[in-house]
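Here the structure comes first, spelled out in structure tokens, and everything after it is commentary.
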Amino acid sequence: MKKQYVTLTVNGREYRFSIGDGFGQVPPSETLSETLRKRLSLTGTKESCNEGACGCCTVLMDGKGVTSCMLLTIECDGREIVTIEGLEDPEKGLDPLQQAFIDEYAFQCGYCTPGIIMAAKALLLENPHPTPDEIKEALSGNYCRCISHYTVMRAINRVAGNGEDHTAVLHRANDDVKDPIPVREELFLSPYAYGTSSDRTLD
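In the numbering used here, the protein residues as written are 70 to 272.
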């Protein structure tokens with residue numbers, strides 16, 4: 070029987086995988102996120118819900134944002150995939166969006182950050198100057214348990230070239246808070262901080 074293959078271009082490099090259940094082959098049931106992480110060691114693409122709900126596994130496919138846990142690798146034959154690792158230019162360094170997230174401290178634990186950046190990148194490729202409402206809509210499928218939404222918005226607005234105008238209202242609202250209500254720190258800790266067993270890692 071003739072062997073079947075799937076070809077992917079990932080971060081500018083072409084990969085060819087044999088489809089099957091044998092050793093070293095890609096099973097028909099393997100998702101794109103699994104292939105990226107386990108076969109190509111591109112662990113910047115995170116896995117969490119495996120249901121397409123959290124957005125952690127978002128990558129670009131032909132310039133559009135997709136949840137890679139919901140796509141089978143065999144469905145992606147001939148497609149061009151870009152992961153968070155692929156945004157960095159070997160000569161110029163980090164993508165402006167990545168740098169903005171660093172400069173604006175737009176993350177805490179960082180687990181959701183790659184998916185958020187890739188979703189934002191997909192938006193900016195389609196619309197270089199989105200409004201705050203358009204940004205919120207584009208990120209509606211990305212969860213952040215650390216509640217970093219304010220700085221995330223600030224970072225994306227900065228790259229969009231209208232950050233100061235679009236975040237002015239947010240700054241004013243923040244200035245109005247004179248005596249914030251005390252918050253119990255443990256309410257925002259990951260459940261894994263208390264030793265909950267899980268096969269998830271930060272890789």
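Even for Gly, the Cβ is constructed at its ideal location relative to N, Cα and C.
Minimum C-alpha distance to residue i - residue among the options
i           : options               : result
residue 155 : 87, 73, 110 and 94    : 110
residue 177 : 213, 126 and 107      : 213
residue 96  : 88, 130 and 122       : 88
residue 80  : 215, 203, 148 and 194 : 148
Simplified DSSP assignment, three categories, for residue i
i           : result
residue 212 : coil
residue 132 : coil
residue 220 : helix
residue 123 : coil
residue 149 : strand
residue 182 : helix
residue 104 : helix
residue 140 : coil
residue 237 : Legend: pLDDT at residue 237 = 42, less than 50; position of this residue unreliable, no value from coordinates given.
Buried/exposed call for residue i, threshold 16 Cβ in 10 Å
i           : result
residue 246 : Here the model assigns residue 246 a pLDDT of 38, short of 50, so the residue's position is not dependable and the matter cannot be decided.
residue 107 : exposed
residue 144 : exposed
residue 174 : exposed
residue 91  : exposed
residue 125 : buried
residue 76  : exposed
residue 138 : buried
Cβ neighbours of residue i in the same chain (closer than 8 Å, five flanking residues each side left out)
i           : result
residue 113 : 152, 153, 154 and 183
residue 230 : 197 and 198
For residue i: DSSP bridge partner residues
i           : result
residue 86  : 75
residue 158 : 162
residue 228 : According to DSSP, residue 228 bridges with nothing at all.
Cut-off 7 Å between Cβ atoms - residues of its own chain near residue i, not counting five sequence neighbours on either side
i           : result
residue 115 : 125, 126, 180, 183 and 184
residue 94  : 87 and 88
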